[in-house]
Amino acid sequence: MTQHENDNQSNNTQSSDHSGARYWGNVEVVEEGDNYRISRVEIKPRHGIKPQIHYHRNEHWVVVSGVAKITCGEQEILLNRNESTYVPAATLHKVENPGSIPLIILEIQNGEYLGEDDIERPYDLNLVKPVNDI
């Protein structure tokens with residue numbers, strides 16, 4: 008392997024700005040390329056990722072440990088270890104951990120643009136109104 012190939016391989020496995028602790032758990036980028044990112048997502052018991060939508064990428068989620076409560080569009084499902092789901096671009100979605108052990112998901116993002124500025128939250132889109140506004 009040349010030094011250039013070695014450097015490129017190192018760049019694919021280094022953690023990006025996407026990695027790090029969140030109030031709901033942790034994200035660790037396992038591998039990243041021009042049009043994809045593979046992350047290990049850990050969600051604390053009784054926590055979840057807020058509803059979001061993005062327009063330039065699709066996601067595949069594979070449950071490694073725990074139980075995931077997934078909302079994708081109008082569909083809500085429970086996934087157990089070794090089960091997966093697909094989240095198409097431009098679809099409002101969220102994932103929650105209703106269990107008492109950490110939920111671990113492998114997330115595969117694939118698309119022409121993976122930037123964090125492609126994520127919008129429903130409150131920003133006025134798709135969900137706070138309880139006191141209803």
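With this note's numbering, letter number 125 in the sequence shown gets 132, and the count goes up by one each step, no holes. Don't be surprised by glycine CBs; every beta carbon is placed ideally from N, CA and C.
Rounded straight-line distance, which links the Cα of residue j to that of residue i
i	j	result
TYR93	TRP68	6 angstroms
ASN18	GLU35	For ASN18, the pLDDT reaches just 42, beneath the cut-off of 50, and the residue's location in the model is therefore unreliable, leaving the point undetermined.
PRO129	ILE115	22 angstroms
ILE141	ASP41	Summary for ILE141: the model assigns pLDDT 45, below 50, so the residue's position carries little reliability; its value from the coordinates is reported in the next sentence. Near 43 angstroms, if we compare the C-alpha coordinates of ASP41 and ILE141.
ASN33	PRO52	12 angstroms
LEU110	ILE77	12 angstroms
GLU81	SER46	25 angstroms
Exposure label - residue i; buried when at least 16 CB within 10 Å
i	result
ASN89	exposed
ILE60	buried
GLU39	buried
ASN104	buried
ILE50	buried
LEU85	exposed
C-beta contact flag for residue i and residue j at 8 angstroms
i	j	result
VAL208	ILE112	Residue 208 lies beyond the residue range present for the chain, which begins at 8 and ends at 141; the question has no answer from this structure.
TYR43	ASP125	no
Item to check | 3-residue-minimum beta strand (DSSP E) runs that sit fully inside the segment 59-126, ordered along the chain | outcome: You should have 64-72, 75-79, 82-86, 91-94, 100-103 and 110-118.
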